[in-house]
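So the sequence lines, in the order shown, correspond to chains A and L.
Position 14, counted from 1, in the first sequence is what my numbering calls 14; the numbers after and before it change by one each time, with no gaps.
Numbering-wise, my numbering comes out as the position in the second sequence, counting from 1, plus 265.
Working notes, beginning with the structure itself.
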Amino acid sequence: MLHVAIATRAFRRYSTYGAATLAGIFTNSVFGIIMCFVYVEVWNQRPDAGGYDVSDALTYVWLGQAMLMTMAIFGGGSPDDLATRIKSGDVAIDLYRPVGLLGWYLAADLGRAAYHLCTRGLAPTVVGALLFDLTFPSAPWVWLVFLATLPIAVTVSFGLRLLIALTTFWIFDDTGPRMMLVVLGTFFSGMTVPLVIFPGALRDLAMALPWASLLQVPADIWLGHRTGWEIVTGYGFMVAWAVALMVACAGVLRLAERRVVVQGG
Amino acid sequence: MAEPAPLRGAWTGYWQIAAMWVHASMAYPLSFWLLTLGGFVIGGLDFVGIWILFHSIDAMGGFSLTEVGFLYGATGLGLALADMYVGRIERLGQMIRMGTLDTMMVKPIPLLAQVCSNEFALRRLARVFLCVLVFAWASLYVDWTALRVVVAAVMIVSGALIFFSVFIMLACIQFWTADAVEVANAFTYGGNTVTQYPLAIFPSEVVKGLTFLMPLAFVNWYPALFILDREDPFGFPEWFQFLSPVVAVVMVTLTTFVWRFGVRHYRSTGS
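Encoded structure:
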């Protein structure tokens, strides 16, 4: 119950910035439209590139714009708050709360993601659907299976961002590592171009990295390119990364608690 | 800003503040170098994305990979230079909220120079460097003549000035509302993205918009048509290909008016 309350508060916190959300939706839509024309050109020449048809590729563009903020691919969310609190020393308060720090911040980030999904996820997708011919899930249960991947994907993204935020315990300024995460995340999540059209070994590598959970796997479920058993393996892949990252975060956090004298005062 | 200060004051003032921020950024060397490397790689991977697209196709809108690289490098250089010198102006709203803009107003350095040099980040040079690399590589495949070299040089300077104007003009919105910062991104970074590709792949309405409304097509597209010896797929007159410096001067002049107008209408938050 407590975690639900945290998530709801995070949702509301983000919802106070209405104009900023509108501006963001506009920007997402502009980028979506640009990429659609690029992909139309590519898929007109190669109608089966990466196993996608034109409509799949265009849908992928808008799913990407929808996931950009939801999965905080450019960073942000509760791990940023934590990094600030580590720098100021306020993290001491988080550490002696009778609730686990990981669960607290994960709940807050899920609340944020829910807000971004409902606004910056949904609105650009509607814009895209009005302007272009998109593919939608073929059956109601596919919608459900797609939606259910999202919290797992947010957890994977959260784990990556939290690991970087935790480095603040040692290096006091996490902007550098954070930037590297954005760089790798943007490329390997398939925001730049879909992972399915990566050539050869690069594709295999990208498909195995945690960032594939943020956009490619959910998108393939939406588009119907992952069906039956592949949905199960997709889920297995995402859950495995989510668990591995959470365990890693817990481990680093324990190291930090033991070895670091919190600054501030 | 009752009276426009001499340009030299702006220039030296800008660099004094910039040097201070460079010094400050070196306080965390690991972060500085990671950020610099990040800026380089992010630009690099952006181009790798285009390279991956070219795995599936041979030409985009009739342009080869090296020609797209030429467009990419040219617009990238324009944006990266403008971003390095004046990109921080996107924080204008924050400066207004925090009251730092008021402090700047009483200092004996032109306001715009102070706003733009605030938090000057040398690491942005990484992006410039990357675009120089892509541009240089793509230039190897260009059939150069003396006139084309001149047009190319003018293109880079004009491109930087056009992006410079777009950054400042859109930031001026923040004198009225502080919440719409992201709209500017659609035109600066979005403008950069759209001009990375040959405009031939976009509908003619988009190209008209980028010619007459938000003249980003002059950043690279029109001069590149001349340098790469291409016919304009939309049939615009050939002299458009030499118009970039004129567009740049018009944009900079407009920017001066918009900025002055914004400053004159500025009211402190009073906090």
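All C-beta atoms in this analysis are idealised placements derived from N, C-alpha and C, irrespective of residue type, glycine included.
DSSP, reduced to helix, strand and coil, places L:Phe501 outside both helices and strands of the structure shown, so it counts as coil. Per DSSP, L:Phe394 is one residue of the alpha helix (DSSP H) stretching across Leu390 to Ser404.
Taking 9 Å as the CB threshold, L:His320 lines the interface with chain A. Against chain L, the CB of A:Pro124 has no partner CB under 9 Å away; the residue lies outside that interface. Listed along chain L is no residue with a C-beta nearer than 8 Å to that of A:Glu257; the closest approach is about 23 Å.
Contiguous alpha helix (DSSP H) elements confined to the segment 458-516 of chain L occur at 469-473 and 486-492, taking only those with 4 or more residues. The Cβ atoms of A:Thr70 and A:Val156 lie no closer than 9 Å to each other. For L:Glu447 against A:Ala20, the beta-carbon gap comes to about 7 Å, under 8 Å, which counts as contact. Here the C-alpha atom of L:Thr518 lies approximately 23 Å from the C-alpha atom of L:Asn383. Within the segment 167-182 of chain A, the residues whose Cβ lies closer than 8 Å to some Cβ of chain L are Ile171, Phe172, Asp173, Asp174, Thr175, Gly176, Pro177, Met179, Met180 and Val182, listed in chain order. Looking at the DSSP output, L:Phe428 shares a beta bridge with no other residue.
Apart from the 5 residues on each side of it in sequence, A:Val239 sits with its Cβ closer than 7 Å to the Cβ of Ile152 in its chain, given in chain order. Just measuring C-alpha positions, the residue of L:Ala451, L:Leu435 and L:Thr458 sitting nearest L:Thr521 is L:Leu435.
Secondary structure at L:Phe335: helix, using DSSP grouped into helix, strand and coil. Annotation: A:Ala7 to L:Phe467 spans about 42 Å, alpha carbon to alpha carbon. If you look at L:Met369, you'll find it in the alpha helix (DSSP H) that goes Thr365 to Met370. Following the DSSP letters along the chain, one finds L:Ile374 in no alpha helix (DSSP H), marked with neither H nor E. Put simply, of L:Tyr531, L:Leu387 and L:Leu344 the residue whose alpha carbon is nearest the alpha carbon of L:Trp286 is L:Leu387. Judged by their CB atoms, A:Trp62 and A:Gly24 are not nearer to each other than the 9 Å cut-off. At the C-beta level, A:Leu58 and A:Gly111 stay beyond 9 Å of one another. Burial check for L:Met325: the Cβ neighbour count within 10 Å reaches 16 or more, so the residue is buried. Residue-level contact check: L:Glu332 does not touch chain A, since none of the beta carbons of chain A fall below 9 Å from its beta carbon. Within the DSSP secondary-structure output, L:Met325 pairs in a beta bridge with L:Phe328. Close to A:Ile197, with beta-carbon spacing below 9 Å, are these residues of chain L in chain order: Ile317, Leu318, His320 and Ser321. The residue from A:His225, A:Gly190 and A:Gly224 with its alpha-carbon nearest to that of A:Ala208 is A:Gly190. Residues Phe428 and Asn457 of the same chain have their beta carbon placed closer than 6 Å to that of L:Leu344, with the five preceding and five following residues left out of the count. Not one beta carbon of chain A lies nearer than 9 Å to the beta carbon of L:Gly474.
For L:Val422, the secondary structure class from DSSP, reduced to helix, strand or coil, is helix. Counting other Cβ atoms within 10 Å of its Cβ, A:Arg13 stays below 16 and is therefore classed as exposed.
Residues of the segment 22-33 of chain A with a Cβ closer than 7 Å to any Cβ of chain L, in chain order: Ala23, Gly24, Phe26, Thr27, Val30 and Phe31.
A straight line joining the alpha-carbon of L:Val399 with that of A:Val91 spans about 44 Å. Ranked by Cα distance from L:Leu346, the options L:Val523, L:Val422, L:Ala443 and L:Thr460 are led by L:Val422. Between the segment 303-314 of chain L and the segment 191-199 of chain A, the count of C-beta pairs closer than 8 Å reaches three or more; the two stretches touch. The alpha-carbon separation between L:Met369 and L:Gly527 amounts to approximately 15 Å. DSSP places A:Gln216 in the uninterrupted alpha helix (DSSP H) bounded by Gln216 to Leu223. Put simply, the segment 140-150 of chain A touches the segment 211-231 of chain A. At least three CB pairs are less than 8 Å apart.
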